[in-house]
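**Q** After the structure tokens below, expect a handful of questions from me.
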Amino acid sequence: MSRAILITGATGKQGGAVINALLAKSSSEFLLLAVTRNKESASAKNLAAKSSNIKLVEGDLDSIPALFQAAKRAAGTVPIWGVYSVQLSMGKGVTLEGEVRQGKGPTAFMENLEPIFATKIFLTMIRDTLKDKPLQWVAIEDIGYFAAEAFTDTRGWNKKAISITGDELTFAQLSEAFEHATGGPAGTTFGILGKALKVGVKELGIMVNWFRDEGYGADLAKVRQLNPEAKTMEQWVKTSAFVSH
8 MSRAILITGA
18 TGKQGGAVIN
28 ALLAKSSSEF
38 LLLAVTRNKE
48 SASAKNLAAK
58 SSNIKLVEGD
68 LDSIPALFQA
78 AKRAAGTVPI
88 WGVYSVQLSM
98 GKGVTLEGEV
108 RQGKGPTAFM
118 ENLEPIFATK
128 IFLTMIRDTL
138 KDKPLQWVAI
148 EDIGYFAAEA
158 FTDTRGWNKK
168 AISITGDELT
178 FAQLSEAFEH
188 ATGGPAGTTF
198 GILGKALKVG
208 VKELGIMVNW
218 FRDEGYGADL
228 AKVRQLNPEA
238 KTMEQWVKTS
248 AFVSH
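Quick note on the numbering used here: the sequence shown kicks off at 8 and runs consecutively.
As structure tokens, this is what we get:
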């Protein structure tokens, strides 16, 4: 292992997807420095058990110098060559344009949909705001795929950015995908609850209005050319908790 990659949020969905994709592509090329807040947690131990190429680094993004010091200790003589770190574009002074500056632009996460009542409210808000406008969705697994591609094909991806999507659906098409996968349509509820969510949670209201007025604009055909296995919504739902709920 001649190079190390520091991966934040390693026990979370995105960081975990990147680690899985890198392990699948190359079992020995990289030392993977997996950042976790607690090295003794069950999730951290399970992650470390996946491969001898994974070393746990305890720290968080509130103290970057301390994090890199811990990472260097874990890496030993292997130089830290790359970093995977995605910040949430939420909060004061943070905009959607910040996603672009991160070098990749994922669309709406399929994994944000869960078989719980809160998802019904969220989908009601999407339905009533976007109406017939399609929304682009991506499975986090596919974000991991493209991150691994960028790390393993540095010449091909140098100074390039891509918006990642796996499907583009109107709400009616989204509901149809659910019906094909589960036998029932996407769950919704009373429109007033969707409206209350949109008004009551300002960031969500801004986000869903942006979906309606601008949208991600990812090139689905290009993404599928680069990754023919990118998941559609129907494929994702079939492997999700919705099928067993």
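We put the beta carbon where it would ideally sit given N, CA and C, even for glycine.
Spatial neighbours of Q242 within its chain, please: C-beta separation below 6 angstroms, excluding the five flanking residues on both sides.
**A** none
**Q** Between A73, K229, A17 and R10, which has its C-alpha nearest S48's C-alpha?
**A** A17
**Q** Taking A125 as the reference, give the member of G224, I14 and F197 with the closest Cα.
**A** Checking every option, the nearest Cα to that of A125 belongs to F197.
**Q** Which word fits V250, buried or exposed, when buried means at least 16 other C-beta atoms lie within 10 angstroms of its C-beta?
**A** Looking at its Cβ environment, which holds fewer than 16 other Cβ atoms inside 10 Å, V250 is exposed.
**Q** Is it right to say Q143 is buried, meaning 16 or more other beta carbons lie within 10 angstroms of its own, or is it exposed?
**A** The residue is buried, with at least 16 neighbouring Cβ atoms inside 10 Å.
**Q** Report the three-state DSSP secondary structure of S251 (helix, strand or coil).
**A** Note: S251 maps to coil in three-state DSSP.
**Q** Helix or strand or just coil, what does DSSP make of K7?
**A** Within the shown structure, residues of the chain are numbered from 8 to 252, placing residue 7 beyond reach of any answer.
**Q** Tell me the start and end of each unbroken beta strand (DSSP E) in the region 108 to 164 that is at least 3 residues and wholly inside, in chain order.
**A** 111 to 113 and 142 to 145
**Q** To the nearest angstrom, how far is the alpha carbon of L204 from that of R134?
**A** 13 angstroms
**Q** Let me know if I71 comes out buried or exposed under the rule of 16 or more other beta-carbons within 10 Å of its beta-carbon.
**A** exposed
**Q** Straight-line CA distance for I26 to W88?
**A** 15 angstroms
**Q** Measure the beta-carbon distance from L13 to L40 and round it to whole angstroms, keeping in mind my assumption that it falls under 8 angstroms.
**A** 5 angstroms
**Q** Can you name the residues that DSSP bridges to E175?
**A** Q143
**Q** Could you tell me the alpha carbon to alpha carbon distance between E156 and F185, rounded to whole angstroms?
**A** One C-alpha to the other measures close to 30 angstroms.
**Q** If you draw a straight line from the C-alpha of A7 to the C-alpha of M117, how long is it?
**A** Because the chain spans 8 through 252 in this model, residue 7 falls outside it and cannot be assessed.
**Q** What's the C-alpha gap between R80 and K245?
**A** C-alpha separation (whole angstroms): 42 angstroms.
**Q** Between K32 and I147, which are expected to be in contact by the criterion C-beta below 8 angstroms, what is the C-beta distance as a whole number of angstroms?
**A** Between the beta-carbon of K32 and that of I147 there is about 17 angstroms, and that puts the pair past the 8 angstroms contact cut.
**Q** Identify every residue that forms a DSSP beta bridge with F37.
**A** R10
**Q** Pull up the distance between the alpha-carbon of V230 and that of T114, whole angstroms please.
**A** 12 angstroms
**Q** Put G89 into one of helix, strand or coil per three-state DSSP.
**A** strand
**Q** Tell me whether T189 sits in a helix, a strand or coil according to DSSP, three-state version.
**A** helix
**Q** Measure the beta-carbon distance from A82 to L38 and round it to whole angstroms, keeping in mind my assumption that it falls under 8 angstroms.
**A** 6 angstroms
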